[in-house]
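>
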DNA sequence: GTATATTAAGACAAAATAGTCTTATATATT
DNA sequence: AATATATAAGACTATTTTGTCTTAATATAC
Ligand code: SF4
Ligand code: SF4
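Protein chains in written order, with this note's numbering: chain A, 1 to 150; chain B, 151 to 300.
As C-alpha cells, then:
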C-alpha cells in the first residue's frame, strides 16, 4: 500500500467535504456515517488536517469541519503530506535502502520515472477533481473492495 | 510503502543470491551477514521463497539456499507475489475502496495507467538485472537510507 | 447559567507487522 | 554412532498501525 489507511480516510473525507457547500460546517458524525468510518478514528484523522490548515473546525451546535480553501485549491498531495508526511517523496517506495543518487540500483531509472509520475499526479489532482465525479457508493462501501480488478 | 519490509528482505537476498554461483549453496547466515538482516527473520522469509520454488534449500554441511532457476528466469514480480501475495495486482494502491471497473473514481484512468507501468516493470526486471549492477553498499547499509532523494 | 452539541486530546485496546529465540529435522564428516 | 552444520517450524516478544473509549474544552440556545 502506497498510502496509510489513515491517509485514505483523510482523502475520502476530504473528497466528500469537497462535494458539500463550504458555507456550512459538516459534522464529523455525518462524514463518518456516510463513509462508514469509525467516528472517533475519523475525528483524529481530521484533526491532523485541521492542524495543517486544510480544514477548519468549529465546536458546538452547527459546528463541524469544512475545507479551509476552495476544493480546487487543495491538492491530493496536500492531504497525503499532512497525514503520511513526506516519506513518499523521499523514500524509495520499493523499500530498497541506500538511495538512488549515489548508488542507483538497476531499477532506479525506471522506478524513479514512474514514481515521479505518481507524485506529479498527486500534485495535479485537487479535491475538486475528486468531488466532480464523486460517487458515494465508490467512496463508501468496503464491500466492493474485494476481488475487483484495477 | 508499496512492498512489505519482509518482501524487501526477500528481494535483497534474492538479488544477492543472483550474484553468486548457482553451483553452490549459500548459507542464510552469509546472506544475513552481508545484508545486515536478522538471520532468523531472513530464514523465515526465505522459507516462503523456497516453498514457492524460487529457491532450493539444502540442510546440513555445505547446505544453504540457491536460486531454483537461472537469475534471468526469475522476475522481481515472482518474489513479490511469493511474499506479499497478489494484493498489489488486485487492490488499488491508493487504497480507495470500491474498485475501478464499476465505479471509477476521477483518478482511475491516470492511476491505473501508472500502476500498470509499475506492474510491467516488476514483471520485466529479473534477478539477473538486479544482480548485474549489483552494489553491495547499496543493498546493504541502511545508513544510506535517510534523506536521500529518489 | 444550564443543557446540549460539537471538536480536541489523550488513555487505552486490538490487530497487523516485524523480529527473536528455541526446538526439530536433515545431512555430512569423522 | 557421534558430532557438527545447516534449514524448518513454531512459540514467543516487540513495535507500529489501527481502532475504541472517556474526559476536556468550546460554542449555542434557551
Ligand atoms: S536506486 Fe532508486 S530504485 Fe533502487 S532502491 Fe535506490 S531509490 Fe529505489
Ligand atoms: S477508481 Fe481506480 S483509482 Fe479510483 S479508487 Fe478505484 S481502483 Fe483506485
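Here a beta-carbon is modelled for each residue, glycine too, at the ideal position from N, C-alpha and C.
Going residue by residue through the stretch 27–72 of chain A, where are the continuous alpha helix (DSSP H) segments of at least 4 residues, counting only ones entirely within it?
Correct list: 28–35 and 39–51.
> Go ahead and label residue 53 of chain A buried or exposed: buried means 16 or more other beta carbons lie within 10 angstroms of its beta carbon, across all protein chains shown.
Mapped onto the first chain, residue 53 of chain A falls at position 53. So residue 53 of chain A ends up on the exposed side.
> By DSSP's criteria, residue 75 of chain A is part of a beta bridge. Which residues make up the other side?
Indexing the first chain from 1 puts residue 75 of chain A at position 75. Paired residue(s): A/126.
> Thinking just about the alpha-carbon of each residue, which of A/92, A/89, A/130 and A/105 is nearest to the one in residue 259 of chain B?
Start at 1 with the first residue of the second chain, and residue 259 of chain B comes out as number 109. Residue 259 of chain B has its Cα closest to that of A/130, out of A/92, A/89, A/130 and A/105.
> How many Å lie between residue 163 of chain B and residue 213 of chain B at the Cα?
The sequence position of residue 163 of chain B within the second chain is 13, counting from 1. The sequence position of residue 213 of chain B within the second chain is 63, counting from 1. About 16 Å.
> In this structure, does DSSP put residue 235 of chain B in helix, strand or coil?
Along the second chain, one-based indexing puts residue 235 of chain B at 85. Looking at residue 235 of chain B - three-state DSSP - the assignment turns out to be coil, as it is neither helix nor strand.
> Are the CB atoms of residue 3 of chain A and residue 80 of chain A within a distance shorter than 8 Å?
Within the first chain, numbered from 1, the residue matching residue 80 of chain A stands at position 80. Within the first chain, numbered from 1, the residue matching residue 3 of chain A stands at position 3. Yes, the pair counts as a contact, with Cβ atoms nearer than the cut-off.
> Between the beta-carbon of residue 264 of chain B and the beta-carbon of residue 89 of chain A, is there less than 8 Å?
Translated into positions along the second chain, residue 264 of chain B becomes position 114. Translated into positions along the first chain, residue 89 of chain A becomes position 89. No, Cβ-Cβ distance for residue 264 of chain B and residue 89 of chain A is not below 8 Å.
> By how many angstroms is the C-alpha of residue 227 of chain B removed from the C-alpha of residue 237 of chain B?
Taking the second chain and counting its residues from 1, the one referred to as residue 237 of chain B is at position 87. Taking the second chain and counting its residues from 1, the one referred to as residue 227 of chain B is at position 77. When rounded, the distance between both Cα atoms is 12 Å.
> Please state whether DSSP places residue 12 of chain A in a helix, a strand or coil.
Counted from its first residue, the first chain places residue 12 of chain A at position 12. Residue 12 of chain A falls in the helix class under three-state DSSP.
> Which whole-angstrom value is the C-beta distance of residue 195 of chain B and residue 235 of chain B, which I expect to be below 8 Å?
As a first step, residue 195 of chain B is located in the second chain; it is residue number 45 there, counting from the start. As a first step, residue 235 of chain B is located in the second chain; it is residue number 85 there, counting from the start. About 14 Å; that fails the 8 Å criterion.
> Give me, in chain order, the residues of the same chain whose beta-carbon lies closer than 7 Å to that of residue 42 of chain A; leave out the 5 immediate sequence neighbours on both sides.
Position 42 of the first chain, counted from the first residue, corresponds to residue 42 of chain A. Once the five neighbours on either side are set aside, the close Cβ partners of residue 42 of chain A are 9, 13, 28, 31 and 32.
> Quick check on this structure: which residue in A/34, A/69, A/40 and A/39 has the alpha carbon closest to the alpha carbon of residue 21 of chain A?
Sequence index remark: in the first chain, residue 21 of chain A carries index 21 (1-based). Checked all of A/34, A/69, A/40 and A/39; the closest Cα to residue 21 of chain A is A/69.
> Listing by chain order, which chain B residues have their CB less than 8 Å from the CB of residue 129 of chain A?
Here residue 129 of chain A refers to the residue found at position 129 when the first chain is read from its first residue. Correct list: 256 and 257.
> Which bits of chain A does residue 271 of chain B rub up against, with CB to CB less than 9 Å?
Here residue 271 of chain B is taken as the residue at index 121 of the second chain, counted from 1. The contacting residues are 107, 110, 111 and 114.
> So, is residue 61 of chain A buried or exposed, given that buried needs 16 or more other C-beta atoms within 10 angstroms?
Translated into the one-based positions of the first chain, residue 61 of chain A becomes position 61. Result: exposed.
> Taking the straight line between their C-alpha atoms, what separation do you get for residue 92 of chain A and residue 223 of chain B?
Along the first chain, read from residue 1 onward, the residue named residue 92 of chain A stands at position 92. Along the second chain, read from residue 1 onward, the residue named residue 223 of chain B stands at position 73. About 25 Å.
> Can you give me the Cβ contacts of residue 156 of chain B inside the same chain, cut-off strictly under 6 Å, excluding the 5 residues immediately before and after it?
The residue given as residue 156 of chain B occupies position 6 in the second chain. Same-chain partners within the cutoff: 195 and 233.
> Would you call residue 165 of chain B buried or exposed, if buried means 16 or more other Cβ atoms sit within 10 Å of its Cβ?
In the second chain, counting from the first residue as 1, residue 165 of chain B sits at position 15. Residue 165 of chain B comes out buried.
> Using the C-alpha atoms, what's the distance from residue 208 of chain B back to residue 1 of chain A?
Position 1 of the first chain holds residue 1 of chain A. Position 58 of the second chain holds residue 208 of chain B. Going from the Cα of residue 1 of chain A to the Cα of residue 208 of chain B covers about 34 Å.
> Does any C-beta atom of chain A lie closer than 8 Å to the C-beta of residue 212 of chain B?
Start at 1 with the first residue of the second chain, and residue 212 of chain B comes out as number 62. No, because no Cβ of chain A sits closer than 8 Å to the Cβ of residue 212 of chain B.
> Tell me which residues share the same chain as residue 26 of chain A and place their Cβ nearer than 7 Å to its Cβ, disregarding the 5 neighbours each side in the sequence.
The residue you call residue 26 of chain A lines up with position 26 of the first chain. Correct list, in chain order: 17, 20, 64, 65 and 66.
> Any beta-carbon of chain A closer than 8 Å to the one on residue 187 of chain B?
For the purposes of this step, residue 187 of chain B is taken as residue 37 along the second chain, with counting starting at 1. Taking Cβ atoms only, chain A never reaches closer than 8 Å to residue 187 of chain B, which makes this a no.
> Where does residue 263 of chain B sit, in a helix, a strand or coil, going by DSSP?
The residue given as residue 263 of chain B occupies position 113 in the second chain. Helix.
> For residue 276 of chain B, count the other beta carbons within 10 Å of its own beta carbon; 16 or more makes it buried, fewer makes it exposed. Which is it?
Residue numbering aside, residue 276 of chain B sits at position 126 when the second chain is read from its first letter. Buried, since its Cβ has 16 or more Cβ neighbours within 10 Å.
> Find the residues of chain B that neighbour residue 74 of chain A, judging by a C-beta separation of less than 8 Å, and give them in chain order.
Start at 1 with the first residue of the first chain, and residue 74 of chain A comes out as number 74. Correct list: empty, because the minimum Cβ distance to chain B is about 14 Å.
> Using a C-beta to C-beta distance shorter than 8 Å, which residues of chain B count as neighbours of residue 83 of chain A?
Sequence index remark: in the first chain, residue 83 of chain A carries index 83 (1-based). Ordered by position in chain B, no residue passes the 8 Å Cβ test against residue 83 of chain A, which lies about 12 Å from the chain.
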